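173 is the number of the first residue of the sequence shown in our numbering; add one for each residue after it.
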Amino acid sequence: MSERVEAGAESAGDGGAGVEHGRHASAGGGSAAAELSREVLTPSVQRFFADLVDALYPEGSKRDEASASVESRGTYLAAGAFALAAVVGLIVFFGRSVPLWGTFSVGTVATAVGAVCGAASGVVGYLASGKTEGGRWRSELHVVQRIADTVTITLLQVTILVMVMLAVFFSLQQAFRDLEVDAFTGLMITAVVSAVAAYAMYLSAVHLNAQRLSGLLAVFVLVGVMVSMVTSQDPEWWKLHFSELGAGTGISRYSFNVTLIVAGFVMSTLGLYIAADLRRWERTARPSPTRNVRAVQVAFVVIGLGLAGVGLVPVNVSLFFHNTFATGMAVVFVALLVSLRWVLDGLPRAVFVFSDALLIGVALAVVLWWPVGYYNLTALELIAAGLIFTWLIVFIRNLGALAGVSEGELVSSLSPSSSGSGVGSADGSGVSAGGV
């Protein structure tokens with residue numbers, strides 16, 4: 173009987189404990205439900221938005237992503253430039269009607285904002301190109317030389333961009349005379365121009381090599397000299413020589429001299445790219461006791477400094493130093509062509525044949541100027557410049573083919589899948605090829 177009473181007491185005690193536990197469970201039910209709601213709803217919401225993004229912006233295959241990674245980054249930079257330029261345009265043009273061209277116009281604002289956005293994107297692209305198979309040589313340069321290289325390339329691209337944009341807006345103003353646009357149209361034009369500038373500058377910088385740089389240099393010199401010729405105050409400058417443009421006044425003078433100065437520094441930078449391609453080719457070429465890549469690089473640097481010197485010292489400032497820079501540049505170039513078969517022994521025979529033919533062409537042009545007197549010095553300078561740039565482009569294209577630099581290497585090096593992976597160097601070591 174006593175055992176039954178004790179069992180009943182224990183049962184009653186257990187029941188009381190159960191009731192007490194139920195009370196605690198009931199009291200904590202609200203917080204537990206809230207915690208359960210957070211645990212269940214948050215992942216659900218995340219999955220919902222993830223599925224929505226995947227449906228709106230489906231991701232391509234890994235191969236497609238790798239091949240389009242460069243363009244994707246350019247698109248993101250263009251989108252950022254568009255947004256930034258739209259804000260600037262809204263602030264500048266708010267409540268105003270402005271012309272397409274003039275001191276304060278859509279053209280000047282769009283060109284200025286586009287130049288800034290393009291320069292920033294160009295620097296990003298240039299830094300990204302240094303992580304590629306063909307751009308690792310930049311890491312071996314001194315920090316000052318790398319900074320100078322970056323500034324020179326960016327300045328070249330921005331200058332070309334500005335000249336093109338100013339020419340476009342000036343032409344549009346001539347086509348739509350007395351046209352003024354409202355604030356919204358002005359900010360949209362500014363935003364579009366900035367986006368295009370950022371996209372184009374990024375792609376130009378990230379794909380930069382000796383071939384592309386020589387093409388940019390040729391375009392830059394052609395456009396700069398043409399602007400100087402068109403804006404010259406002296407209609408008979410051509411009866412003397414091209415240096416007369418640098419001794420003139422106004423836009424013509426600055427355009428000519430600045431073009432030569434920038435082109436000279438770009439030519440010196442081009443020597444670095446050519447030397448990098450030559451070293452890539454030299455690793456697989458047959459040994460030669462006379463080959464000297466360093467001498468070729470120094471020759472291009474000296475030619476560039478001479479070209480910059482011609483612009484820094486116009487003919488009306490010092491005839492002696494102006495002619496010294498010009499003559500020294502010509503002597504070094506001729507010496508390079510003559511010694512090419514030894515300092516770059518192993519190049520294809522076609523390169524040497526073309527170089528000899530060009531050297532003969534330059535000599536013939538000089539003879540036709542003096543003593544024959546068939547044309548004046550301006551014509552001689554024009555012919556010589558055309559022949560030199562033709563040789564430079566042909567030489568660099570052949571060198572690029574021999575060095576084996578391809579855009580496939582660049583794309584694979586910049587693809588997200590290669591981030592953090594090692595790219596084998598000549599000595600078997602690896603460097604990081606992760607994207608910027």
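Backbone N, C-alpha and C fix where the C-beta goes; we use that ideal spot for every residue, glycine too.
The structure displayed is predicted, hence computed values, not measured ones.
1) Indicate the three-state DSSP secondary structure (helix, strand or coil) for Glu408 in the structure shown.
2) Give a yes or no on contact between the segment 447 to 455 and the segment 561 to 575, applying the rule of three or more CB pairs nearer than 8 Å.
3) What do you get for Pro271, buried or exposed, if any count of 16 or more other CB atoms within 10 angstroms of its CB means buried?
4) Using 8 Å as the threshold, is the segment 309 to 320 in touch with the segment 371 to 389, meaning 3 or more CB pairs across them?
5) My output table needs one value for Pro215: the three-state DSSP class, helix, strand or coil.
6) Could you spell out the range, first to last residue, of the alpha helix (DSSP H) harbouring Asp449?
7) Can you look up Val485 in the DSSP assignment and give me helix, strand or coil?
8) Would you identify the three-state DSSP class for Val470, choosing helix, strand or coil?
9) DSSP state of Val378, grouped into three classes?
10) Would you decide whether Asp321 is buried or exposed? Buried here means 16 or more other CB atoms lie within 10 Å of its CB.
11) Ordered along the chain, which non-local residues of its own chain (more than five positions away) have a Cβ less than 6 Å from that of Gly481?
12) Among residues of its own chain, excluding the 5 on either side of Phe341, which ones have a beta-carbon nearer than 6 Å to its beta-carbon?
13) Measure the C-alpha to C-alpha separation of Ala529 and Pro520 and round it to an integer number of angstroms.
14) Here's a check: name, in chain order, each residue in its chain whose Cβ is nearer than 6 Å to the Cβ of Leu394, leaving out the five neighbours to either side.
15) Under 8 Å Cβ to Cβ from Tyr298, same chain only, skipping five residues before and after it: list those, please.
16) So, helix, strand or coil for Val353, using DSSP?
17) Thinking just about the alpha-carbon of each residue, which of Val225, Leu442, Thr403 and Gln345 is nearest to the one in Ala390?
18) Under 7 Å, do Val523 and Asn570 count as touching if we go by C-beta distance?
19) From Pro407 to Phe428, what distance separates their C-alpha atoms?
20) What does the Cβ neighbour count give for Ser244, buried or exposed, with the cut at 16 atoms within 10 Å?
21) From Thr550 to Phe414, what does the alpha carbon distance come to, in whole angstroms?
22) Give the range of the alpha helix (DSSP H) segment to which Val544 is assigned.
23) Looking at Ile532: is its Cβ nearer than 7 Å to the Cβ of Phe505?
24) Are the segment 334 to 353 and the segment 539 to 547 touching by the rule of at least three beta carbon pairs closer than 8 Å?
25) Is the number of C-beta pairs between the segment 365 to 374 and the segment 285 to 298 that are closer than 8 Å three or more?
26) Tell me, please, which residues DSSP counts as bridged to Val270.
27) Which residue from Leu412, Arg384 and Val487 puts its Cα closest to that of Val438?
This is what the structure holds:
1) coil
2) Short answer: they touch.
3) buried
4) no
5) helix
6) Gly422 to Glu454
7) coil
8) helix
9) helix
10) buried
11) Here the set comprises Phe497.
12) Excluding sequence neighbours, Phe341 sits near Leu272, Trp273 and Gly279.
13) 15 Å
14) none
15) Thr322, Ile325, Thr326, Ala377, Val378 and Leu380
16) strand
17) Leu442
18) A contact, by the Cβ cut-off of 7 Å.
19) 15 Å
20) exposed
21) 6 Å
22) Here Val544 belongs to no alpha helix (DSSP H), and DSSP marks it neither H nor E.
23) Going by C-beta atoms, Ile532 is not nearer than 7 Å to Phe505.
24) no
25) yes
26) For Val270, which the question treats as bridged, DSSP gives the partners Val353.
27) Arg384
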